[in-house]
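Reading through the C-alpha coordinates given below for one structure.
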Amino acid sequence: MQQRSRKEDVGKPREEFIIEKISGNKVVPISRRYVRVRQSYSNLFKGYTLRCGDFTMEQKLKQRICIEICVELQISATETFKMPNKAFPNDPPKRTTVFEWHSRFKAGRISIEDDPRQGRPTFQRTDENVQKITDLIKENPRTTLLELEQDTGISKTTIGRIVTEDLRLKKTPAKFIPRFLTNEQKLCRLATCENMLEMTRTDPEWKDKIVTGDETWVYGYDPEAKRQSVEWRGQGEPRPKKSRILKSRNKVLLVAFLDNKGIVHHEYLPAGQTVIKEMYLDILRHLREAIRKKMPEKWPNGDWILHHNNARPHTAHLVTSFFG
(Lines of atoms letter the chains of each structure in order from A and count residues from 1; the text may use other names and numbers.)
(Lines give C-alpha, C1' and ligand atoms only; values in the text may rest on other atoms or scores of the structure.)
Protein backbone atom coordinates (compact mmCIF):
# COMPACT_ATOMS: atom_id res chain seq x y z
CA MET A 1 0.00 0.00 0.00
CA GLN A 2 1.38 3.36 -0.98
CA GLN A 3 1.59 6.22 1.42
CA ARG A 4 -1.01 8.91 1.01
CA SER A 5 0.02 12.54 1.23
CA ARG A 6 -1.87 15.30 2.98
CA LYS A 7 -2.90 16.81 -0.41
CA GLU A 8 -4.67 13.59 -1.39
CA ASP A 9 -6.74 13.78 1.80
CA VAL A 10 -7.98 17.31 1.21
CA GLY A 11 -11.77 17.41 0.87
CA LYS A 12 -12.29 13.87 2.11
CA PRO A 13 -13.78 12.93 5.46
CA ARG A 14 -10.76 12.13 7.57
CA GLU A 15 -12.09 9.71 10.16
CA GLU A 16 -9.55 6.91 9.96
CA PHE A 17 -6.44 6.78 12.13
CA ILE A 18 -3.16 5.85 10.49
CA ILE A 19 0.36 5.32 11.76
CA GLU A 20 3.62 4.76 9.92
CA LYS A 21 5.47 1.52 10.55
CA ILE A 22 9.13 1.75 11.30
CA SER A 23 10.03 -0.71 8.52
CA GLY A 24 9.47 1.08 5.25
CA ASN A 25 7.20 3.92 4.21
CA LYS A 26 3.98 1.92 4.36
CA VAL A 27 0.85 3.33 5.96
CA VAL A 28 -1.28 0.88 7.89
CA PRO A 29 -4.93 2.07 8.28
CA ILE A 30 -6.84 1.21 11.44
CA SER A 31 -9.94 -0.87 10.90
CA ARG A 32 -13.42 0.56 11.45
CA ARG A 33 -13.75 -1.84 14.38
CA TYR A 34 -11.24 0.26 16.26
CA VAL A 35 -13.23 3.39 15.59
CA ARG A 36 -16.35 1.74 16.93
CA VAL A 37 -14.54 0.65 20.06
CA ARG A 38 -12.91 4.04 20.53
CA GLN A 39 -15.93 6.30 20.01
CA SER A 40 -14.46 8.73 22.51
CA TYR A 41 -11.64 9.43 20.03
CA SER A 42 -13.79 9.65 16.89
CA ASN A 43 -15.06 13.12 17.75
CA LEU A 44 -11.69 14.25 19.03
CA PHE A 45 -9.85 13.27 15.85
CA LYS A 46 -12.65 13.89 13.31
CA GLY A 47 -11.40 15.87 10.32
CA TYR A 48 -7.74 15.03 10.93
CA THR A 49 -5.39 12.46 9.50
CA LEU A 50 -3.25 11.68 12.51
CA ARG A 51 0.40 10.77 12.18
CA CYS A 52 2.87 10.31 15.02
CA GLY A 53 4.66 13.58 15.58
CA ASP A 54 1.86 15.78 14.15
CA PHE A 55 -0.35 15.94 17.26
CA THR A 56 -1.28 19.17 18.93
CA MET A 57 -2.15 17.64 22.33
CA GLU A 58 0.22 16.99 25.20
CA GLN A 59 3.31 15.00 24.40
CA LYS A 60 2.62 12.13 26.73
CA LEU A 61 -0.96 11.75 25.48
CA LYS A 62 0.35 11.61 21.92
CA GLN A 63 2.72 8.83 22.90
CA ARG A 64 -0.02 6.87 24.66
CA ILE A 65 -2.31 7.13 21.62
CA CYS A 66 0.47 5.76 19.46
CA ILE A 67 0.95 2.89 21.92
CA GLU A 68 -2.77 2.17 21.94
CA ILE A 69 -2.91 2.08 18.15
CA CYS A 70 0.01 -0.36 18.12
CA VAL A 71 -1.90 -2.60 20.53
CA GLU A 72 -4.89 -2.58 18.17
CA LEU A 73 -2.52 -3.53 15.33
CA GLN A 74 -1.28 -6.40 17.51
CA ILE A 75 2.26 -5.06 17.44
CA SER A 76 4.49 -6.41 20.18
CA ALA A 77 5.67 -4.22 23.03
CA THR A 78 9.26 -4.39 21.79
CA GLU A 79 8.32 -3.13 18.32
CA THR A 80 6.04 -0.53 19.88
CA PHE A 81 8.94 0.82 21.89
CA LYS A 82 10.90 1.47 18.68
CA MET A 83 8.12 3.41 16.98
CA PRO A 84 7.68 6.27 19.50
CA ASN A 85 11.45 6.63 19.60
CA LYS A 86 11.40 7.36 15.89
CA ALA A 87 8.28 9.52 16.04
CA PHE A 88 9.46 11.52 19.09
CA PRO A 89 13.24 11.74 18.73
CA ASN A 90 13.51 14.82 20.96
CA ASP A 91 11.50 13.38 23.84
CA PRO A 92 11.13 9.60 23.44
CA PRO A 93 9.21 7.68 26.12
CA LYS A 94 11.04 5.35 28.44
CA ARG A 95 11.01 1.63 27.86
CA THR A 96 9.20 0.95 31.15
CA THR A 97 6.53 3.51 30.24
CA VAL A 98 5.91 1.95 26.83
CA PHE A 99 5.70 -1.59 28.20
CA GLU A 100 3.44 -0.52 31.08
CA TRP A 101 0.94 1.29 28.86
CA HIS A 102 1.12 -1.48 26.24
CA SER A 103 0.10 -4.00 28.89
CA ARG A 104 -2.68 -1.71 30.13
CA PHE A 105 -4.22 -1.22 26.68
CA LYS A 106 -3.82 -4.90 25.94
CA ALA A 107 -5.76 -5.68 29.13
CA GLY A 108 -8.67 -3.54 27.89
CA ARG A 109 -7.90 -0.09 29.25
CA ILE A 110 -9.74 2.71 27.41
CA SER A 111 -8.62 5.97 29.00
CA ILE A 112 -5.28 7.51 28.11
CA GLU A 113 -5.41 9.85 31.09
CA ASP A 114 -3.55 9.20 34.33
CA ASP A 115 -5.44 7.43 37.07
CA PRO A 116 -6.84 9.85 39.66
CA ARG A 117 -4.87 9.87 42.88
CA GLN A 118 -5.31 11.62 46.16
CA GLY A 119 -1.78 12.95 46.50
CA ARG A 120 -0.64 15.43 49.05
CA PRO A 121 -1.03 19.20 49.10
CA THR A 122 1.98 21.13 47.87
CA PHE A 123 2.21 22.98 51.18
CA GLN A 124 1.53 20.92 54.29
CA ARG A 125 3.08 23.14 56.95
CA THR A 126 -0.15 24.90 57.79
CA ASP A 127 -1.57 26.06 61.12
CA GLU A 128 -4.19 23.33 60.92
CA ASN A 129 -1.58 20.59 60.50
CA VAL A 130 0.58 22.08 63.28
CA GLN A 131 -2.40 21.98 65.65
CA LYS A 132 -3.24 18.43 64.57
CA ILE A 133 0.29 17.21 65.30
CA THR A 134 0.32 19.11 68.61
CA ASP A 135 -2.85 17.33 69.74
CA LEU A 136 -1.48 13.91 68.75
CA ILE A 137 1.78 14.51 70.63
CA LYS A 138 -0.10 15.66 73.74
CA GLU A 139 -2.23 12.54 73.54
CA ASN A 140 0.80 10.25 73.22
CA PRO A 141 4.18 11.91 73.95
CA ARG A 142 6.01 8.71 72.92
CA THR A 143 4.59 8.64 69.40
CA THR A 144 7.06 8.48 66.50
CA LEU A 145 7.29 10.45 63.27
CA LEU A 146 6.26 7.34 61.34
CA GLU A 147 3.10 6.95 63.45
CA LEU A 148 2.28 10.64 62.98
CA GLU A 149 2.72 10.21 59.23
CA GLN A 150 0.30 7.28 59.22
CA ASP A 151 -2.27 9.15 61.35
CA THR A 152 -2.19 12.49 59.51
CA GLY A 153 -1.10 11.66 55.96
CA ILE A 154 1.57 14.37 56.17
CA SER A 155 5.05 13.55 54.95
CA LYS A 156 7.57 12.47 57.56
CA THR A 157 9.97 15.27 56.59
CA THR A 158 7.31 17.94 57.06
CA ILE A 159 6.29 16.47 60.42
CA GLY A 160 9.92 16.55 61.56
CA ARG A 161 10.17 20.25 60.66
CA ILE A 162 6.89 21.05 62.40
CA VAL A 163 8.00 19.25 65.57
CA THR A 164 11.51 20.73 65.73
CA GLU A 165 11.02 24.20 64.22
CA ASP A 166 7.40 25.16 64.95
CA LEU A 167 6.79 23.30 68.22
CA ARG A 168 10.48 23.34 69.27
CA LEU A 169 10.29 19.82 70.69
CA LYS A 170 12.97 17.17 70.98
CA LYS A 171 13.07 13.55 72.09
CA THR A 172 14.08 13.40 75.75
CA PRO A 173 14.63 10.02 77.41
CA ALA A 174 13.35 9.38 80.91
CA LYS A 175 15.90 9.44 83.71
CA PHE A 176 16.20 6.73 86.32
CA ILE A 177 15.00 7.49 89.84
CA PRO A 178 15.06 5.15 92.84
CA ARG A 179 11.28 4.90 93.06
CA PHE A 180 8.05 6.80 92.54
CA LEU A 181 6.62 8.48 95.62
CA THR A 182 3.07 7.83 96.73
CA ASN A 183 0.73 10.69 97.57
CA GLU A 184 1.19 9.95 101.26
CA GLN A 185 4.97 10.19 100.94
CA LYS A 186 4.69 13.46 99.03
CA LEU A 187 2.48 14.96 101.73
CA CYS A 188 4.92 13.79 104.38
CA ARG A 189 7.81 15.47 102.58
CA LEU A 190 5.79 18.64 102.18
CA ALA A 191 5.07 18.72 105.90
CA THR A 192 8.74 18.12 106.69
CA CYS A 193 9.84 20.99 104.45
CA GLU A 194 7.33 23.31 106.07
CA ASN A 195 8.63 22.33 109.52
CA MET A 196 12.20 23.01 108.42
CA LEU A 197 11.24 26.46 107.15
CA GLU A 198 9.53 27.22 110.42
CA MET A 199 12.57 26.03 112.38
CA THR A 200 14.80 28.27 110.24
CA ARG A 201 12.66 31.29 111.10
CA THR A 202 12.73 30.56 114.84
CA ASP A 203 16.31 29.26 115.14
CA PRO A 204 18.69 30.06 112.24
CA GLU A 205 21.43 27.84 113.75
CA TRP A 206 19.32 24.69 113.99
CA LYS A 207 21.21 22.99 111.14
CA ASP A 208 24.32 22.83 113.34
CA LYS A 209 22.41 20.48 115.67
CA ILE A 210 21.82 17.79 113.05
CA VAL A 211 23.58 14.46 113.35
CA THR A 212 22.94 12.39 110.22
CA GLY A 213 23.67 8.72 109.70
CA ASP A 214 23.61 6.14 106.94
CA GLU A 215 25.00 2.75 105.94
CA THR A 216 27.26 1.83 103.03
CA TRP A 217 29.17 -1.20 101.81
CA VAL A 218 32.95 -0.94 102.08
CA TYR A 219 35.03 -3.13 99.78
CA GLY A 220 38.50 -4.36 100.45
CA TYR A 221 41.16 -3.57 97.85
CA ASP A 222 44.20 -5.76 97.24
CA PRO A 223 46.53 -3.90 94.86
CA GLU A 224 48.87 -6.09 92.83
CA ALA A 225 52.56 -5.34 93.05
CA LYS A 226 54.59 -4.68 89.92
CA ARG A 227 56.68 -7.81 90.47
CA GLN A 228 53.49 -9.88 90.77
CA SER A 229 52.18 -8.68 87.39
CA VAL A 230 55.29 -9.74 85.40
CA GLU A 231 54.52 -12.15 82.52
CA TRP A 232 56.56 -13.85 79.82
CA ARG A 233 55.84 -12.17 76.48
CA GLY A 234 57.41 -12.55 73.06
CA GLN A 235 59.18 -9.77 71.17
CA GLY A 236 56.66 -7.29 69.76
CA GLU A 237 53.79 -8.53 71.93
CA PRO A 238 51.94 -5.81 73.88
CA ARG A 239 52.46 -5.35 77.58
CA PRO A 240 49.84 -6.84 79.92
CA LYS A 241 47.36 -4.48 81.47
CA LYS A 242 46.01 -4.24 84.98
CA SER A 243 43.55 -1.97 86.74
CA ARG A 244 44.84 0.54 89.24
CA ILE A 245 42.04 -0.40 91.63
CA LEU A 246 40.71 -3.94 91.71
CA LYS A 247 37.60 -4.38 93.83
CA SER A 248 37.72 -7.54 95.92
CA ARG A 249 34.83 -9.81 96.83
CA ASN A 250 35.24 -9.09 100.53
CA LYS A 251 33.00 -6.33 101.85
CA VAL A 252 31.69 -5.12 105.18
CA LEU A 253 28.86 -2.79 106.10
CA LEU A 254 29.85 0.57 107.58
CA VAL A 255 27.40 2.59 109.69
CA ALA A 256 28.54 6.19 110.16
CA PHE A 257 27.09 9.29 111.89
CA LEU A 258 28.42 12.81 111.35
CA ASP A 259 27.57 16.44 111.95
CA ASN A 260 28.77 19.67 110.34
CA LYS A 261 32.18 19.29 112.05
CA GLY A 262 32.98 15.68 111.11
CA ILE A 263 32.50 12.06 112.11
CA VAL A 264 30.72 11.55 115.42
CA HIS A 265 30.53 7.74 115.48
CA HIS A 266 31.05 4.81 113.10
CA GLU A 267 30.89 1.02 113.31
CA TYR A 268 31.82 -1.88 111.03
CA LEU A 269 29.34 -4.72 111.15
CA PRO A 270 30.60 -8.32 111.16
CA ALA A 271 31.13 -9.89 107.74
CA GLY A 272 27.89 -11.06 106.18
CA GLN A 273 25.80 -9.12 108.69
CA THR A 274 23.21 -6.51 107.66
CA VAL A 275 21.33 -3.95 109.73
CA ILE A 276 18.33 -5.25 111.65
CA LYS A 277 16.27 -3.44 114.25
CA GLU A 278 18.01 -5.04 117.28
CA MET A 279 21.45 -4.26 115.92
CA TYR A 280 20.45 -0.72 114.93
CA LEU A 281 19.18 -0.14 118.45
CA ASP A 282 22.59 -1.14 119.85
CA ILE A 283 24.27 1.22 117.36
CA LEU A 284 22.05 4.09 118.54
CA ARG A 285 23.08 3.39 122.15
CA HIS A 286 26.73 3.59 121.09
CA LEU A 287 25.95 6.83 119.22
CA ARG A 288 24.38 8.36 122.32
CA GLU A 289 27.48 7.52 124.33
CA ALA A 290 29.72 9.02 121.62
CA ILE A 291 27.70 12.26 121.67
CA ARG A 292 28.04 12.41 125.46
CA LYS A 293 31.82 12.22 125.14
CA LYS A 294 32.46 14.24 121.96
CA MET A 295 29.67 16.84 122.20
CA PRO A 296 29.33 17.67 125.91
CA GLU A 297 27.71 21.03 125.14
CA LYS A 298 24.75 19.29 123.48
CA TRP A 299 24.38 16.34 125.79
CA PRO A 300 22.85 17.83 129.00
CA ASN A 301 19.74 19.29 127.34
CA GLY A 302 19.61 16.90 124.37
CA ASP A 303 20.10 19.77 121.94
CA TRP A 304 20.77 17.64 118.85
CA ILE A 305 18.64 16.18 116.04
CA LEU A 306 19.10 12.69 114.57
CA HIS A 307 18.56 12.50 110.81
CA HIS A 308 18.32 9.10 109.10
CA ASN A 309 16.28 7.57 106.29
CA ASN A 310 13.03 5.65 106.59
CA ALA A 311 14.47 2.16 106.18
CA ARG A 312 12.53 -0.56 107.99
CA PRO A 313 15.09 -1.03 110.81
CA HIS A 314 15.07 2.75 111.40
CA THR A 315 11.28 3.00 111.65
CA ALA A 316 10.68 -0.17 113.66
CA HIS A 317 8.62 0.20 116.83
CA LEU A 318 11.56 -1.00 118.92
CA VAL A 319 13.70 1.88 117.61
CA THR A 320 11.06 4.64 117.75
CA SER A 321 10.17 3.72 121.34
CA PHE A 322 13.83 4.17 122.25
CA PHE A 323 13.62 7.86 121.25
CA GLY A 324 10.34 8.29 123.07
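Going by my numbering, the sequence shown opens with residue 1001, and the numbers climb by one from there. Backbone N, C-alpha and C fix where the C-beta goes; we use that ideal spot for every residue, glycine too.
Quiz item: Quick one: what does DSSP say F1257 is sitting in, helix, strand or coil?
Solution: strand
Self-check item: T1143, DSSP secondary structure in three states
Solution: coil
Quiz item: Applying the criterion that 16 or more other CB atoms from any shown protein chain within 10 Å of the CB defines a buried residue, is W1101 buried or exposed?
Solution: buried
Quiz item: Terminal residues of the continuous alpha helix (DSSP H) containing G1160?
Solution: 1156 to 1161
Exercise. Buried or exposed for Y1268, please, with buried defined as at least 16 other CB atoms from any protein chain shown within 10 angstroms of its CB.
Key: exposed
Quiz item: For F1081, which residues of its own chain have a beta-carbon under 6 Å away from its beta-carbon, when the five flanking residues on both sides are left out?
Solution: R1095, V1098
Quiz item: Do you know offhand how far F1088's Cα is from N1129's?
Solution: 44 Å
Exercise. State the Cα-Cα distance for the pair H1265 and A1316, rounded to the nearest angstrom.
Key: 21 Å
Quiz item: By DSSP, does V1230 sit in helix, in strand, or in coil?
Solution: coil
Self-check item: Cβ of S1155 within 8 Å of any chain D Cβ
Solution: Looking at the structure shown, chain D is missing, and only one protein chain is on hand.
Quiz item: To which residues of the same chain is I1133 closer than 8 Å at the C-beta, ignoring the five residues directly before and after it?
Solution: L1148, T1152, I1154, I1159, I1162, V1163, L1167
Self-check item: Extent of the continuous alpha helix (DSSP H) run through V1098
Solution: 1095 to 1106
Self-check item: Contact set for I1250: own chain, Cβ-Cβ below 8 Å, skip 5 residues either direction
Solution: Looking at the sequence provided, one finds Asn at residue 1250 rather than Ile. Excluding sequence neighbours, N1250 sits near Y1219, G1220, A1271.
Practice problem: Confirm, please, whether the CB-CB distance from L1145 to K1156 is below 8 Å. | Solution: yes
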